[in-house]
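Novice:
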Amino acid sequence: MKIENHPDFVVLEDEKDDIIDFASFIERQVPSKYKGQNVVLNLLQYDSLELPHLLQFLKTSTLHRKAKQSFVIVNDSIDVDEVPFEMIVVPTLQEAGDIIEMEEIERDLGF
C-alpha cells in the first residue's frame, strides 16, 4: 500500500491491483492505524470499478464517518448516481481535498 501524508488527510493507494483484497486490508487498517485522521482512498487505477467493488468499502466508510472523520474515495470511472449516499466518491484527488476541507469546516461549526 502506498501512503501519502498531507496536512489534513492521508491518501492510501493499492499497489497489488486487487480491489477485494485491498478493501479487506483497509477494513483492518483504518480503524486502528488511521483513527483520528481523514482518509482518502485513491482508486484511480481501477478504470472499470463497479458498484459491488465499491460496496466493499461501505462498512469502513460508515464506521470512520461515525467517528467524525472524513472518508473519501477517488475514482473517475464509477457512475456517481450509483454511489450510496453513505459514501463519498469524487473523480479527482483535488476534489477529495476540497471535500475534507468542507467537512472540517462543518465539524468546526458543530454540524
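The opening residue of the sequence shown carries number 14 in our numbering; numbering runs sequentially from there.
Glycine included, every Cβ here is placed at the ideal spot set by N, Cα and C.
Roughly how many angstroms separate the alpha carbons of residue 74 and residue 100, rounded to a whole number?
Specialist: Each residue's Cα considered, the two are about 7 Å apart.
Novice: Quick one: residues in its chain with C-beta nearer than 6 Å to the C-beta of residue 24, no 5 flanking neighbours on either side, listed in chain order?
Specialist: So the qualifying residues of the chain are 17, 53 and 55.
Novice: In or out: residue 83 buried (at least 16 other Cβ within 10 Å) or exposed?
Specialist: So residue 83 ends up on the buried side.
Novice: I'd like the list of long-range same chain contacts for residue 50, defined as Cβ closer than 8 Å, with 5 residues on each side in sequence excluded.
Specialist: Excluding sequence neighbours, residue 50 sits near 22, 23 and 82.
Novice: With respect to the alpha helix (DSSP H) encompassing residue 43, which residues constitute its N-terminal and C-terminal limits?
Specialist: That run of the alpha helix (DSSP H) goes 32-46.
Novice: Under DSSP, the beta strand (DSSP E) around residue 54 begins and ends at which residues?
Specialist: Residues 51-55.
Novice: Please list the terminal residues of the continuous beta strand (DSSP E) segment that includes residue 28.
Specialist: Here residue 28 belongs to no beta strand (DSSP E), and DSSP marks it neither H nor E.
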